[in-house]
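In my numbering, the protein residues as written are 1093 to 1255. Cβ coordinates follow ideal geometry from the N, Cα and C atoms, glycine included. In this text the structure is predicted, and so the values were computed from the model without any measurement.
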């Protein structure tokens, strides 16, 4: 499936493709940076910057839009309410204990570790589910994205040297 996404994005300019790839919930910047550097031959600095921009794009619609979607679903699409609530509960369970202990730093850690299902999408959904104030959510998640981007860029550069 990831091959199909990358193949489809090759019809766009590499800059746009990197931003789009970084904004998708499946790939985020964890795949966008290596693909940008190795497939589309974008410099490490540009790949890092474009991936940060692309990865941060979904934050505002998710953070402010999930509450709106939930309220809208209550009135118009009751079946969709279960879908939204399921995702909110799932994200809340992943972060709740850590957030109770570490506060907004938990969002940073959750976003910064480049592991599967620990990116901006899940952290933002968790922030909405836990009703974390905007300023703490944007700070924790934003710094986490930067850290994850540095880690992925570093691994990508070191992999080029080793292999």
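Asked: Could I get the ranges of all uninterrupted beta strand (DSSP E) runs contained in the stretch 1140-1217, with 3 residues as the minimum, in chain order?; Found: none
Asked: Is any heavy atom of the ligand HEM found at a distance shorter than 7 angstroms from the C-beta of residue 1248?; Found: Among the components modelled here there is no ligand, and therefore nothing to report on the ligand HEM.
Asked: Could you spell out the range, first to last residue, of the alpha helix (DSSP H) harbouring residue 1127?; Found: 1120-1130
Asked: To the nearest whole angstrom, what separates the beta carbons of residue 1176 and residue 1158, a pair I think is in contact under 8 angstroms?; Found: 7 angstroms
Asked: With respect to the alpha helix (DSSP H) encompassing residue 1135, which residues constitute its N-terminal and C-terminal limits?; Found: Element bounds for residue 1135: n/a, residue is neither H nor E.
Asked: Taking 8 angstroms as the threshold (C-beta atoms), are residue 1206 and residue 1244 in contact?; Found: yes
Asked: Shortest alpha-carbon distance to residue 1251 belongs to which of 1220, 1125 and 1105?; Found: 1125
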